[in-house]
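**Q** If you read the sequence shown in our numbering, its first letter stands for residue 41, the second for the next number, and so on. For every residue, glycine included, the Cβ atom is placed at its ideal position computed from N, Cα and C. Predicted model, so just to flag it, every value in this text is computed and none were measured. First the structure, then my questions, so here it is.
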Amino acid sequence: MQNIYDIVGIGLGPFNLSLAALLNPLSEINSKFLDNKPEFSWHPELMFGDAMMQTSFLKDLVTPVDPKSIFSFLNYLVENGQFYHFLNTDRKAINRYEFQDYCKWVSKQLCDDIDFESKVIDIKHDGEKFEVIKEGGSYFTKNICVASGPTKNIPECARPFLSETLFHAKSKQMKKLDLKGKKVVVIGGGQTGVETFRNALNGMWGKVEKVTLLSGRHNLQPLDEAPFTNEIFTPEFVLNFHSLSQEQKDSYTQSQLLASDGNTPQYLQEMYNELYLDRFYLKKLPDYTISPMRWLKAIEKQGESYKLVVDNLLNQNEEFIDADIVILATGFKSVLPSFLDGIADKITKDSKGRIIVGQDYSIQTTIENGKIYSMNFSRHGHGVADPQTSLMSWRSAMIANDLVGETKYKTTNNSESFLSFFN
């Protein structure tokens, strides 16, 4: 007899791990989570020693909706004998190393619910249930939750040149970099670009000849962490925001770019202080340039090196930059994974080709029996909080409650926002 799960999660980053942790205590739910990696890891290519999370450690996998959970970050600290030492660090945000280790610890507690080394290659639906097909077997389930991660955003002009010397920051090449004596160009002025630039400048991969940071942004702009800005990272705001027209949502989401995609202010301050000390006193850093308002227009191959053709968006000049190594910190885009191709004709899309995601985080489809829940595919529907870890436990609680058909986790607050957005 087939074992039919209530839900199978595909992809095990923090988002689906949060859902797994909240479903684990619910005896009425039979779940399984799949990932093609051998163990939990989270952007290992970008695990710089100075890389910090941009949200409070209390916004972990479970605490905002289940503070008594054994899978909380605080319980992780207690179980690992770190609680008092952690308090002495006097931080509200943690290092990405710490966050990854915490998530790995949770995944080990949930080992019976997780199958690693399980690469999903296809999904079918027979009218009654889903068949999730992996290399070497299948899982049958009433519902699925897709959290396979976003797709690398590669500038069109860079695609023909992708190689060991021109690559996206989230690539295996980051693990074996040798930049000694090289001219390095980092493209992208978000947190990943700034961190890559700073670590290259400080010789993490060998002393460079020169490192250049190019950004299309107006400046190295800081994350907007103001308390009133953070009111948009609340369940009430997201629930009301979802009900707006698509035109209203698109306009507002674009206006709040720095609420989600800015650089950590403290990180910018530390980097500026380093540059100041070196320019006027230490004089040890290699040559560098930080160039905002630049747009990569074309790439030319010159032997083993590259010539980048760049538009200066401020004075409209065309500029040329030589590079031995080009690192694309150009972010990600939301694209449905190829394993959904078999049921793609059943997925409804809007006029811009984007999937339509309901308030309960299920994708609108023509499938009558079963739902496809999604993680990090609804920035256009749920706002700037969707790709962030800030509300991941709340979103997981929304899905868990919908699966069970009753409120197992509290997903609304008793108090109103300090800002009257919608009334």
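Report, in whole angstroms, the separation of the C-beta atoms of glycine 49 and serine 81, which I expect to be a contact under 8 Å.
**A** As a first step, residue 49 must be located in the sequence shown, where it is residue number 9. As a first step, residue 81 must be located in the sequence shown, where it is residue number 41. The pair is not a contact, with the Cβ atoms about 17 Å apart (cut-off 8 Å).
**Q** Exposed or buried, proline 54, counting other C-beta atoms within 10 Å across all chains shown (16 or more means buried)?
**A** Counting from one through the sequence shown, the residue named residue 54 turns up at place 14. Buried, by the Cβ-count rule.
**Q** Exposed or buried, glutamate 235, counting other C-beta atoms within 10 Å across all chains shown (16 or more means buried)?
**A** Looking up residue 235 in the sequence shown gives position 195. Buried, by the Cβ-count rule.
**Q** To which residues of the same chain is threonine 304 closer than 7 Å at the C-beta, ignoring the five residues directly before and after it?
**A** Along the sequence shown, one-based indexing puts residue 304 at 264. Once the five neighbours on either side are set aside, the close Cβ partners of threonine 304 are Met92, Gln94, Gln231 and Leu263.
**Q** Let me make sure I understand the geometry here. Which of Ile365, Glu171, Val160 and Met415 has the alpha-carbon closest to that of glutamine 213?
**A** Position 173 of the sequence shown, counted from the start, is the residue given in the question as residue 213. That would be Ile365, whose Cα lies nearest to the Cα of glutamine 213.
**Q** What residue does the alpha helix (DSSP H) around alanine 338 start on, and which one ends it?
**A** Here residue 338 refers to the residue found at position 298 of the sequence shown. First-last for alanine 338: 334–342, but that is the beta strand (DSSP E), not the alpha helix (DSSP H).
**Q** Pick out the complete alpha helix (DSSP H) segments inside the region 237–319, 4 residues or longer, and give them in chain order.
**A** You should have 275–282, 286–295, 297–300 and 305–317.
**Q** Assuming contact is defined by CB atoms lying nearer than 8 Å, are leucine 40 and alanine 440 in contact in what I supplied?
**A** Residue 40 lies beyond the range of the chain shown here (41 to 463); nothing can be said about it.
**Q** Take phenylalanine 88 and list the residues in its own chain whose beta-carbon comes closer than 7 Å to its own, dropping the five residues that flank it on each side.
**A** Numbered from its first residue, the sequence shown carries residue 88 at position 48. Correct list, in chain order: Glu235 and Asn239.
**Q** Among Leu336, Phe273, Asn183 and Asp166, which residue has its Cα nearest to the Cα of serine 457?
**A** For the purposes of this step, residue 457 is taken as residue 417 along the sequence shown, with counting starting at 1. Comparing Cα positions, the closest option is Phe273.
**Q** How should histidine 208 be labelled, buried or exposed, when 16 other C-beta atoms within 10 angstroms of its C-beta is the threshold for buried?
**A** Residue mapping note: residue 208 aligns to position 168 of the sequence shown, counting from 1. Classification of histidine 208: buried, given that the 10 Å Cβ count is 16 or more.
**Q** Which same chain residues end up closer than 8 Å to lysine 164 when comparing Cβ atoms and leaving out the 5 residues on each side of it in sequence?
**A** For the purposes of this step, residue 164 is taken as residue 124 along the sequence shown, with counting starting at 1. Phe170, Glu171, Ile173, Gly382 and Ile383.
**Q** Return the Cβ separation of leucine 241 and leucine 308 in integer angstroms, given the expectation that the two are a contact with Cβ distance under 8 Å.
**A** Numbered from its first residue, the sequence shown carries residue 241 at position 201. Numbered from its first residue, the sequence shown carries residue 308 at position 268. About 14 Å; that fails the 8 Å criterion.
**Q** Examine the Cβ distances between the region 243–257 and the region 327–344 and report whether three or more of them are shorter than 8 Å.
**A** Output reads yes: the region 327–344 touches the region 243–257.
**Q** Helix or strand or just coil, what does DSSP make of phenylalanine 126?
**A** Here residue 126 refers to the residue found at position 86 when the sequence shown is read from its first residue. Helix.
**Q** For valine 397, which of Phe139, Ala338 and Tyr413 has the nearest alpha-carbon?
**A** If you number the sequence shown from 1, residue 397 lands on position 357. The shortest C-alpha separation from valine 397 is found at Tyr413.
**Q** List the endpoints of the continuous beta strand (DSSP E) containing serine 414.
**A** As a position in the sequence shown, residue 414 is number 374, starting the count at 1. Where serine 414 is concerned, the enclosing beta strand (DSSP E) stretches over 412–414.
**Q** Within 10 angstroms of its Cβ, does proline 427 collect 16 or more other Cβ (buried), or is it exposed?
**A** The residue given as residue 427 occupies position 387 in the sequence shown. With 16 or more other Cβ atoms within 10 Å, it is buried.
**Q** Along the alpha helix (DSSP H) that carries alanine 440, what are the first and last residues, could you check?
**A** The residue labelled residue 440 in the question sits at position 400 within the sequence shown. Run containing alanine 440: 432–444, per the alpha helix (DSSP H) assignment.
**Q** Going by the CB atoms, is the gap between leucine 86 and serine 436 shorter than 8 Å?
**A** To locate residue 436, count along the sequence shown from 1; it is residue 396. To locate residue 86, count along the sequence shown from 1; it is residue 46. Cβ distance not < 8 Å, so serine 436 and leucine 86 don't count as in contact.
**Q** I need the DSSP call for serine 112, collapsed to helix, strand or coil.
**A** Numbered from its first residue, the sequence shown carries residue 112 at position 72. Residue state, collapsed to three classes: coil.
**Q** What is the residue span of the alpha helix (DSSP H) that histidine 420 lies within?
**A** The residue you call residue 420 lines up with position 380 of the sequence shown. Note, histidine 420: alpha helix (DSSP H), 419–422.
**Q** Once DSSP output is grouped into helix, strand and coil, what is the label at serine 345?
**A** If you number the sequence shown from 1, residue 345 lands on position 305. Looking at serine 345 - three-state DSSP - the assignment turns out to be strand.
**Q** I'd like to confirm something about lysine 448: is its beta-carbon nearer than 7 Å to some heavy atom of the ligand ADP, or not?
**A** For the structure depicted, the ligand ADP is absent and the ligand set is empty, with no information on it obtainable.
**Q** Here's a check: name, in chain order, each residue in its chain whose Cβ is nearer than 7 Å to the Cβ of glycine 176, leaving out the five neighbours to either side.
**A** In the sequence shown, residue 176 corresponds to position 136, counting from 1. Cβ neighbours of glycine 176 beyond the five flanking positions: none.
**Q** Determine the direct distance from the alpha carbon of isoleucine 339 to that of leucine 348, and round the result to whole angstroms.
**A** The sequence position of residue 348 within the sequence shown is 308, counting from 1. The sequence position of residue 339 within the sequence shown is 299, counting from 1. When rounded, the distance between both Cα atoms is 5 Å.
**Q** Taking 8 Å as the CB-CB cut-off, is glutamine 296 touching chain D?
**A** Absent here is chain D; the protein component of the structure consists of one chain.
**Q** Please name the residue in Gly243, Leu322 and Ala363 whose C-alpha comes closest to that of glutamine 342.
**A** Against the sequence shown, residue 342 aligns to sequence position 302. Out of Gly243, Leu322 and Ala363, Ala363 has the C-alpha closest to the C-alpha of glutamine 342.
**Q** Should the region 92–112 be called in touch with the region 131–148, which here means at least 3 C-beta pairs below 8 Å?
**A** The region 92–112 vs the region 131–148: in contact.
**Q** Give the straight-line distance between the Cα atoms of proline 190 and threonine 129, rounded to the nearest whole angstrom.
**A** Locating residue 190 in the sequence shown gives position 150, counting from the first residue. Locating residue 129 in the sequence shown gives position 89, counting from the first residue. Their backbone Cα atoms lie some 33 Å apart in a straight line.
**Q** Under 8 Å between the Cβ atoms of asparagine 193 and glycine 371?
**A** Position 153 of the sequence shown holds residue 193. Position 331 of the sequence shown holds residue 371. Contact: yes.
**Q** For a test of the three-state rule: what should DSSP assign to glycine 177, helix, strand or coil?
**A** Within the sequence shown, the letter at position 137 stands for residue 177. Strand.
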